[in-house]
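Undergrad:
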Amino acid sequence: MPENIAIPYYAMRAIKPLEEPAAASPTEAECDFWTACEWLIHTAGTVLNYLMKCRAVSDKEGVVGRASLIGNLCRETVSNPWSIERWKWWKRRLAELAALDGVDAETKQHVAKAIASMEAAEAEYSAEEGRGKAGEEKAGEKDLAQTAAAVFMAGGADGIGFA
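First residue of the sequence shown: 1, per UniProt numbering; consecutive thereafter.
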């Protein structure tokens, strides 16, 4: 699991209203929509990376609480909260909401920017995956060294550490 979950946690909480029926108040619904877009514009790469690395986590483990729960609108098509399916569902939902009657041009541009950020994150993730396969041995050695350092800092087998 990635070390720092703060950014993905808050981003996913901000995106979650896309997974629920729109708020009764048009102002609140628009605010939810814009907030989700804004978080995706600025954190798409971090969120995608987190989803891909944490896809084995289940809701019942309670790792990130409400952010890990799947919303009512996507529950039938997305079974795992840590999946590319949820990511794709968000992209479809953004496009659907932007296509509704009465959505102004500025909002449509904002949605297009969010979707573009998501697509850029996908391209970057794919490129990193390609580079990652070539250096898996070095990464494995690095992971082992990090694990050993973490155990040492936490006190290791003898309970003495520096943390």
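Ideal Cβ positions, reconstructed from N, Cα and C, are used throughout, including at glycine.
1. Quick one: Cα of residue 70 to Cα of residue 29, how far?
2. Keeping to the same chain, check which residues put their C-beta closer than 6 Å to that of residue 22; ignore five residues upstream and five downstream.
3. Going by Cα to Cα distance, which pick from 50, 102 and 87 is closest to residue 119?
4. State the CB to CB distance for the pair residue 41 and residue 113, rounded to an integer number of angstroms; the pair is presumed to be in contact (CB under 8 Å).
5. Is the CB-CB distance between residue 39 and residue 11 below 7 Å?
6. Between which two residues does the alpha helix (DSSP H) containing residue 54 stretch?
7. Exposed or buried, which one is residue 104 when buried takes at least 16 other CB atoms within 10 Å?
8. Just how far apart, CA to CA, sit residue 128 and residue 51?
9. Is it true that the CB of residue 73 sits closer than 7 Å to the CB of residue 19?
10. Determine whether the beta carbon atoms of residue 8 and residue 35 lie at a separation below 7 Å.
11. Under the rule that 16 or more other beta-carbon atoms within 10 Å means buried, what is residue 100, buried or exposed?
12. Span of the alpha helix (DSSP H) holding residue 94?
TA: Checking against the coordinates, here is how it stands:
1. 19 Å
2. 29
3. Comparing Cα positions, the closest option is 87.
4. Yes, residue 41 and residue 113 are in contact; Cβ-Cβ is about 6 Å, under 8 Å.
5. yes
6. It is not in any alpha helix (DSSP H) - residue 54 carries neither H nor E in the DSSP assignment.
7. exposed
8. 15 Å
9. Yes, the pair counts as a contact, with Cβ atoms nearer than the cut-off.
10. Their beta carbons are not under 7 Å apart, which means residue 8 does not touch residue 35 by this criterion.
11. exposed
12. 84–98
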